[in-house]
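Below is one structure, written out as structure tokens; comments come after it.
Number of protein chains: 2
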Amino acid sequence: MNILLFKDTEIEGTRLKLADRRAEHVRKILKLSPGDTLRLGMINGRRGTGRILSVDEQQVELEVSLDQEPQPEPEVSLILALPRPIMVQRIFKQAATMGVRELHLIRSRRVEKSFFHSPVLQPEKIQALLIEGLEQATDTRLPSVHVHHYFKPFIEEVASTLAGRKLLADPGARQSLPEVFGTVHPAGSGDDSGGREGENRPARAPSCPVVLAIGPEGGWNEFEIEMFARLGFAPFTMGPRILHVDTAVVALLAQISLLQDLNR
Amino acid sequence: MNILLFKDTEIEGTRLKLADRRAEHVRKILKLSPGDTLRLGMINGRRGTGRILSVDEQQVELEVSLDQEPQPEPEVSLILALPRPIMVQRIFKQAATMGVRELHLIRSRRVEKSFFHSPVLQPEKIQALLIEGLEQATDTRLPSVHVHHYFKPFIEEVASTLAGRKLLADPGARQSLPEVFGTVHPAGSGDDSGGREGENRPARAPSCPVVLAIGPEGGWNEFEIEMFARLGFAPFTMGPRILHVDTAVVALLAQISLLQDLNR
């Protein structure tokens, strides 16, 4: 836990009283006493410092000062064919750590229907995992998570409204991520295969939103790829190595974050 | 398991007999019968196809044809302050999946000495985890793993011999990874802070080896940073989000792989 997070409903003025695992963390892991300070943040709000007023077996009381900006807002919307429960659990936490704006878990032909009934998808469970991820990243912005039981309505009613560079991870694709993203290759490399999508990019984009879709371990089927393509999703390959979906999520969020920085 | 791996000592001519977990995988997960084929590869050798000759409770016998090249050789040497056992276990697997040439686990001031006595560091255990990672990635090249109990001798006798762009993950650094890597920013972005290291880069590098050093969760100390700096390691920051070391390994290997591709 690199930041202690609380809800706006938990604070009274500048006083915060904790009696759950966070109080235990302050007592047993951080071993703080009155007068000590720690980093904290309001969920979906600002960050700052908490000064310990009192610590006892029942509760910890803090004086809160929210004098720091939140982390920069993540600019990735992630669409994910619902992975199996053990994976999705890890992904909630890691996606929150890496930073995503919203996460859409969707049905696809190669997703087992039973995955949708996993207890991991209970809203309280999801929120607990996201908060763990934010606590690691020192972020306060809770990604929104949406579960879609049907593919076609998701594409037609939701995916069609998402704004940004639309990217589809597809092992059968021929272009690489930087090629479809539109990064200019280093000068003098003599390679002009990149930049195809980048020709209309403004010289200095103030923001660079991305919508990234990652398929199930068996891949999207042809119909699904076609539906994404109609919305303007550009398919790209991650190369010859096959990654588990949780590894792919971290790897792609990291690569997109780098490409976003290069394009700013 | 996306590829079944075997050692050169296990094959006789073109016949391979398996009686361990791999045989069980063929029987119970893949449910293959005589005549069926599967992807296989020789550890540190070529890849190809195995045709099932016989399957019974005791063993599986295959006819092997190694008609495919191995994966391209990874060009990253990873230096890692030894993480705690549960992390290092995951990292062996994920590093093999993402592709590293060699992995050096080293002592640093903020590494607990007890970590070096973990059963996870037994050579057979390491090899099993690396092979799991390769099986996922369809790779055959086993990374070499080296455990170094002392920091200074490692720096002086080992790190000094490693060739490639030398990069040091350091939360206190001011430059970003692409800045120290030397990627040229997109034309017209007006940003000339990158490319510092790239000025002497050949126009089309045939290869792009990298030596990446990642510290313990508490970071390298000043002495350690200074020792790396003397060997030419360029410190870079991963940005304001704090990642667990296993997430950082995947994220950085993904970003470096992308920068290597852009620089080829």
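Chains as they are written, first to last, in full-length UniProt numbering: chain A, 1 to 264; chain B, 1 to 264.
Note that CB positions come from ideal geometry on N, CA and C, so glycine has one too.
If only complete runs of 4 or more residues are kept, the segment 221-261 of chain B shows the alpha helix (DSSP H) at 222-230, in order along the chain.
In this structure residue 214(B) is in contact with residue 245(B), their Cβ atoms being roughly 7 Å apart against a cut-off of 8 Å. When secondary structure is reduced to three states using DSSP, residue 26(A) falls in the helix class.
The DSSP assignment places complete alpha helix (DSSP H) segments of no fewer than 4 residues inside the segment 42-129 of chain B at 85-98, in order along the chain.
For a cut-off of 8 Å, the C-beta gap from residue 138(A) to residue 79(B) is around 26 Å, too long to register as a contact. With a threshold of 8 Å between beta carbons, residue 251(A) makes contact with chain B. In summary, the residues of the segment 113-140 of chain A whose CB is separated from some CB of chain B by less than 9 Å are 136, 137, 138, 139, in the order they occur in the chain. Shortest Cα-Cα distance from residue 132(B) to any of 173(B), 157(B), 84(B), 6(B) involves 6(B).
The three-state reading of DSSP puts residue 176(A) in strand, counting E and B together.
In the DSSP assignment, residue 7(A) falls outside any beta strand (DSSP E) and carries neither an H nor an E. When the five nearest sequence neighbours on each side are left out, the beta carbons in the same chain lying within less than 8 Å of the beta carbon of residue 142(B) are those of 43, 44, 96, 127, 130, 131, 134, in order along the chain. Residue contact check for residue 244(A) against chain B: a CB pair falls below 8 Å.
About 15 Å separates the Cβ atoms of residue 262(A) and residue 76(A), ruling out a contact at the 8 Å cut-off. Listed in chain order, the positions of the segment 84-100 of chain B with a beta carbon within less than 8 Å of a beta carbon of chain A are 94, 97, 98, 99. Listed in chain order, the non-local C-beta contacts of residue 19(B) below 7 Å within the same chain comprise 58, 59, local neighbours out to five positions each way being set aside. Interface criterion met: the Cβ of residue 261(B) is under 8 Å from a Cβ in chain A.
With a threshold of 8 Å between beta carbons, residue 241(B) makes contact with chain A. Of the other Cβ atoms in all chains shown, fewer than 16 fall within 10 Å of the Cβ of residue 117(A); this residue is therefore exposed. Between residue 212(B) and residue 148(B), the C-beta spacing is not below 8 Å. Using a Cβ distance threshold of 8 Å, residue 16(A) and residue 50(A) count as a contacting pair. When C-alpha distances from residue 81(A) are compared across 156(A), 169(A), 73(A), the shortest belongs to 169(A). With a cutoff of 8 Å on beta-carbon distance, residue 160(B) and residue 231(B) are scored as near each other. Nearest Cα to residue 221(A) within the set 173(A), 180(A), 259(A), 207(A): 173(A). Look at residue 18(B) here: in three-state DSSP terms it is strand. For residue 254(A), the closest Cβ of chain B is nearer than 8 Å. At least one C-beta of chain B is nearer than 8 Å to the C-beta of residue 176(A). Taking 8 Å as the threshold, the shortest C-beta distance from residue 258(B) to chain A falls below it. Separation of residue 99(A) and residue 65(B) (C-alpha to C-alpha, rounded to the nearest whole angstrom) is 45 Å.
Of the other Cβ atoms in all chains shown, 16 or more fall within 10 Å of the Cβ of residue 41(B); this residue is therefore buried.
One alpha carbon belongs to residue 123(B), the other to residue 103(B), and they sit about 13 Å apart.
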